[in-house]
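*Asks:* Structure below; questions to follow.
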Amino acid sequence: MKKVLTHRLVLPIAALIALVAVNTIARPSFVSVTVQNGQLYGPLIDILRNSAPLMLVSLGMMVVIATRGIDLSVGAIMAVSGAVALTIIDGSPTPDDLGTVLAAIGVAVLIGLLLGAWNGMLVALVGVQPIIATLVLMLAGRGVALLITGGFITTINSAPYKFMAQGYVIGLPFAFFVSVAAIVIVALVERRTALGMLTEAVGINPEASRLAGVRARGIIWGAYAASGLLAGLAGILYSSNTMAADSNAAGLYIELYAILAVVLGGTSLMGGKFTIAGTVIGVFTIETLRSTILFLGVPSAVAPLFLAIAVVIVVLIQSPRVRGIVTRVAQGMRGGTKAEVAR
Amino acid sequence: MSSASEARPVVEMRGITIEFPGVTALDGVDLTLRAGEVHTLMGENGAGKSTLIKALTGVYAIDDGSIVVEGTPRVFRGTADAQAAGISTVYQEVNLCTNLSVGENVMLGHEVRGPFGIDWAKTHRAAADHLENLGLALDTRSLLATHSIAVQQLVAISRAMVRDSHVLVLDEPTSSLDRGEVEQLFAVVRGLRDRGVAILFVTHFLDQVYEISDRLTVLRNGRLVGEYAIGELPRGELIAKMIGRELDELDALARSADRDIDRTGDPVIRADGIARRGVLEPADVEVFPGEVVGIAGLLGSGRTELVRLLYGADRADAGRVEVQGRAARIATPRHAIDRRIAFSSEDRRAEGIVGDLTVAENIVLGVQAKRGALRPMRGAERDALVADYIDALGVRPANPDALVRNLSGGNQQKVLLARWLATAPQLIILDEPTRGIDVGAKADIQRKVAELSAQGLAVVFISSELEEVIRIAQRIVVMRDRRKIGELASHDIDVDDLVAFIAEEHDTQGILESPENVA
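Printed below as a string of structure tokens:
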């Protein structure tokens, strides 16, 4: 029992369950799922679908954070990727052709990968601090996206493209399957090869890893490239949801939510140990929180305040110092003599 | 000295214990400081000197024990508590504001106030008085930065006296001072002592210990060895107490030093004139299969620098290296690893272990890095390898899933040794593998080194403990001032010979013994 309670995922899972419980009490319809034409609908299903872009970005962010880095450019990469895909489809004579759409997605994701590789080069080869290296693309990326769309918000009509974010497969949103596939692939690559352990070693102690012969440069580079690739795919999902390439709105602030999801899940910003399950829970927590805010009718301008309060609470709970104080107060209430007797 | 023993105790630390996760840094240590005495704290690196000072000055909280100052039990929750109790510290790196004047530094926080705020004229006069009390005549309005480190240290001491401290802790104050400056500092220290201040002094220089101290406390491996009046402990005995002749256990080990080495074939590694500007003068080293080459020298003598160049941890800018008779370029650790050379750094925490990974992960890290990320070791293969090494080296706890940072220093060192042995090296370089670890782990590691070298592994072994080097290595490279000053065969020398060799001024050419003579 104690082992269960001290597991590092206990707090994140408890937070998610509590959030769902509060929502269910406030509106019982929160957990209701209806079937229409063999497709599932309901607030929970919405969360599964809407969380897909954040899920992809957060998985990449997690790997980058594990190397002691940070990737601020993911939102901008999403904007570029969406702009590329929609511009290709918009310019194509056959926008409804599956081949056209697959080619557009392929090119867009590849560009995401290249942008990630650029970040990785700055960090791993040139030695620029991660926050500065990715800030460059964070600021420049949206400009590049606007350049690609010619300064307009490109809109398209393409059934296969629309399917990415809005389609259904065996009753569930297709975007959810993209999420699951990304989780599974990241888990396989990190945990079924030695990549995860080597990444953690580099994040925990770079110098010891170098002396042990770990190819830290390649590992760090790969982490940023993976983050770029996943952000590129997230850009596809985002633009498919609106069927528009809005370079200013696509993935706005998503880097901050992704960092939040990773930290909520229990991965330290200091780098090192990372937990894929934790990050997944972190993403669902944030998405549920957003849904709650929407339901409560909080004006969108004030919504960030609610998220901020939630974050402060979670961070306080995770702080060892605060936990120490709480433990001491609790012991004091139970009678201070107990500890002394135990000695 | 008879009056000293009657002096009034100002600080009584009893049974001080400080634990860091997995390591007991101090284990029931006592320290008594008396009014009007200079008390010197002695011990090797890792003995617990700085931890004890930090307990006294409130930097670390103690896990067990008591601190009594002037008869009042105290609990220090921070440095401010210690200062309030009258304990001041002057560190090796002066912590003053060099951009302020001498007077401002002396009086910082104790400025003389008048009706219109600080009265600077009176403040500077007060500062001048305090400095004069220590026999210093300085312009209090001059910028501190314009004075030497020695003077800055004296200013730091005056500053401590402004706070009316009964206890003054001097943490290696003389390490960057020249002879005359040390005299000046000691004159001030004697003055304070005669006024009844209790002084705790830390230094590595034995001459200074005997020049200034009234009493000594010796620590070793976090434990108290004893407290001695300076007159009752000759130099040789002091060194013996610091190093610790843990011979009962270690002497049981066969001296591998007497083994004959076949030096007819190609050496595993031969470096000619390997050097790096500002770090190491050109040095020649060769190590034959089955040979243990010791490197002896003081801290900073170039011994660590030499092996880092051999391994490619730092890049050499001169010299050539041959591995198994063939020219080899070793500019990065990967180059060395590809030639089956392993290196365990002296800085176990910063450059050795990966603390948040498990014992098993730390052990397989070397092999895994060599194989690359995409060829992971499979479960059974990995478990067998880890279990073998945990067993062979006696890692405790024998739990492959324990986090390495929670292990004791000795067991961390065993894990590192396992990491490297698992890569099947032909040469292993061990830089201070036995520093700060308990005698049992020391014996285990020495035994393993002797055993592996007997099977043909070439070893480079660095240790500050000269006895250990003499017992284990067949040949000893001696370093001083970033230069190789010679080579000795260890079978016909003892520690005193080696100390003399390290200390004496030699003509480099005259004392070089060729390897042929050694064999």
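Going down the list, the sequences are from chains A and B.
Quick note on this note's numbering: the first sequence kicks off at 246 and runs consecutively.
Quick note on this note's numbering: the second sequence kicks off at -1 and runs consecutively.
No residue lacks a Cβ here, since even glycine has one placed at the ideal position from N, Cα and C.
1) Determine the direct distance from the alpha carbon of residue 150/B to that of residue 527/A, and round the result to whole angstroms.
2) Beta carbon of residue 480/B, beta carbon of residue 299/B: below 8 Å?
3) Expressed to the nearest angstrom, what Euclidean distance is found between the alpha-carbon atoms of residue 517/B and residue 289/B?
4) List the residues of chain D that residue 332/B touches, going by C-beta distances under 8 Å, in chain order.
5) Return helix, strand or coil for residue 518/A, following the three-state DSSP convention.
6) Which residues in chain B have a C-beta closer than 9 Å to the C-beta of residue 561/A? List them in chain order.
7) Flag this pair as yes or no: are the beta carbons of residue 460/B and residue 305/B separated by less than 8 Å?
8) Leaving aside the five residues before and after residue 169/B along the sequence, list all residues of the same chain whose C-beta is less than 8 Å from its C-beta, in chain order.
9) Is the separation between the beta-carbon of residue 180/B and that of residue 155/B shorter than 8 Å?
10) Work out the CA separation of residue 484/B and residue 93/B for me, nearest whole Å.
11) Please name the residue, chosen from 509/A, 569/A and 541/A, that lies closest to residue 253/A on a Cα-to-Cα basis.
12) With a floor of 3 residues, list each beta strand (DSSP E) that falls wholly inside the segment 382 to 465 of chain B, ordered by position along the chain.
13) Along chain A, which residues have their Cβ under 8 Å away from the Cβ of residue 381/B?
14) Quick check on the DSSP output: what are the complete beta strand (DSSP E) runs of length 3 or more inside the segment 328 to 372 of chain B, in order along the chain?
15) What's the C-alpha gap between residue 425/B and residue 495/B?
16) Give the single residue among 221/B, 477/B, 469/B and 27/B whose Cα lies nearest to the Cα of residue 256/B.
17) Counting only Cβ-Cβ distances shorter than 7 Å, please list the residues of the segment 333 to 357 of chain B near chain A, keeping chain order.
18) Would you call the segment 383 to 392 of chain A and the segment 479 to 492 of chain A touching, i.e. three or more CB-CB distances under 8 Å?
19) Taking only beta-carbon positions, decide if residue 423/B is within less than 8 Å of chain A.
20) Could you tell me whether the Cβ atoms of residue 297/A and residue 539/A are closer together than 8 Å?
21) Starting from residue 11/B, trace the beta strand (DSSP E) both ways and give me its first and last residue.
22) Could you please tell me which residues of the segment 494 to 525 of chain A, in chain order, have their CB closer than 8 Å to any CB of chain B?
23) For residue 475/A, which of helix, strand or coil comes out of DSSP?
24) Any idea if residue 119/B is buried or exposed, counting beta-carbon neighbours within 10 angstroms, 16 or more meaning buried?
25) If you compare alpha carbons, which of 229/B, 81/B and 236/B is closest to residue 223/B?
26) Please state the DSSP three-state secondary structure of residue 214/B.
27) Just verifying my parser: in three-state terms, what is the DSSP assignment at residue 295/B?
28) Quick one: what's got a C-beta closer than 7 Å to residue 330/B's C-beta in the same chain, skipping five residues either side?
29) Residues of chain B with a CB under 7 Å from the CB of residue 455/A: which are they?
30) Could you check whether the segment 437 to 450 of chain B touches the segment 360 to 378 of chain B, counting it as contact only if at least three pairs of C-beta atoms, one from each stretch, sit closer than 8 Å?
31) Please list the residues of the segment 216 to 244 of chain B that have a C-beta atom closer than 7 Å to any C-beta atom in chain A, keeping them in chain order.
32) Can you have a look at residue 245/B and say buried or exposed, based on whether 16 or more other CB atoms are within 10 angstroms of its CB?
33) Are the C-beta of residue 407/B and some C-beta of chain A separated by less than 8 Å?
34) For the alpha helix (DSSP H) containing residue 441/A, list its first residue and its last residue.
*Replies:* Based on what the coordinates show:
1) Approximately 53 Å, taken between the alpha carbons.
2) Going by beta carbons, residue 480/B and residue 299/B fall inside the 8 Å limit.
3) Bear in mind that the predicted position of residue 517/B carries a pLDDT of just 34, short of 50, making it unreliable; the figure below should be weighed with that in mind. So the two alpha carbons sit approximately 11 Å from each other.
4) No chain D appears in this structure, whose protein chains are A and B.
5) Looking at residue 518/A - three-state DSSP - the assignment turns out to be coil, as it is neither helix nor strand.
6) Those do not exist, as residue 561/A stays about 22 Å from chain B at its closest Cβ, beyond 9 Å.
7) In contact: residue 460/B and residue 305/B (Cβ atoms closer than 8 Å).
8) Excluding positions up to five away in sequence, the list reads 48, 51, 87, 88, 89, 90 and 200.
9) At least 8 Å separates the beta-carbon of residue 180/B from that of residue 155/B.
10) Each residue's CA atom was taken as its position, placing residue 93/B and residue 484/B some 40 Å apart.
11) It is 509/A whose Cα lies nearest to the Cα of residue 253/A.
12) List check, beta strand (DSSP E) in window: 425 to 429 and 456 to 460.
13) Result: empty, since nearest Cβ-Cβ is about 15 Å, beyond 8 Å.
14) Here the runs fully enclosed are 339 to 342.
15) So the two alpha carbons sit approximately 28 Å from each other.
16) With distances taken between Cα atoms, residue 256/B lies closest to 469/B.
17) Listed by position, the residues of the segment 333 to 357 of chain B near chain A (Cβ gap below 7 Å) are 335, 341, 343, 348, 349, 350, 351, 352, 353, 354 and 355.
18) Yes: at least three Cβ pairs fall under 8 Å.
19) Output row for residue 423/B: interface = no.
20) A distance of 8 Å or more separates the beta carbons of residue 297/A and residue 539/A.
21) Unbroken beta strand (DSSP E) run through residue 11/B: 7 to 18.
22) Residues passing the 8 Å Cβ filter: 517 and 518.
23) Residue 475/A: helix per DSSP, three-state reduction.
24) So residue 119/B counts as exposed.
25) Among 229/B, 81/B and 236/B, the Cα nearest to that of residue 223/B is on 236/B.
26) Look at residue 214/B here: in three-state DSSP terms it is strand.
27) Three-state result, residue 295/B: coil.
28) Answer for residue 330/B: 310, listed in chain order.
29) Chain B residues near residue 455/A: 331.
30) Flag = no, the segment 437 to 450 of chain B and the segment 360 to 378 of chain B do not touch.
31) Going along the segment 216 to 244 of chain B in chain order, one finds no residue with a Cβ nearer than 7 Å to chain A.
32) Bear in mind that the predicted position of residue 245/B carries a pLDDT of just 49, short of 50, making it unreliable; the figure below should be weighed with that in mind. Under a 10 Å Cβ-count criterion, residue 245/B is classified as exposed, with fewer than 16 other Cβ atoms of the shown protein chains found around its own Cβ.
33) By this cut-off, residue 407/B is not an interface position.
34) It spans 440 to 449 - the alpha helix (DSSP H) in which residue 441/A sits, taken as one unbroken run.
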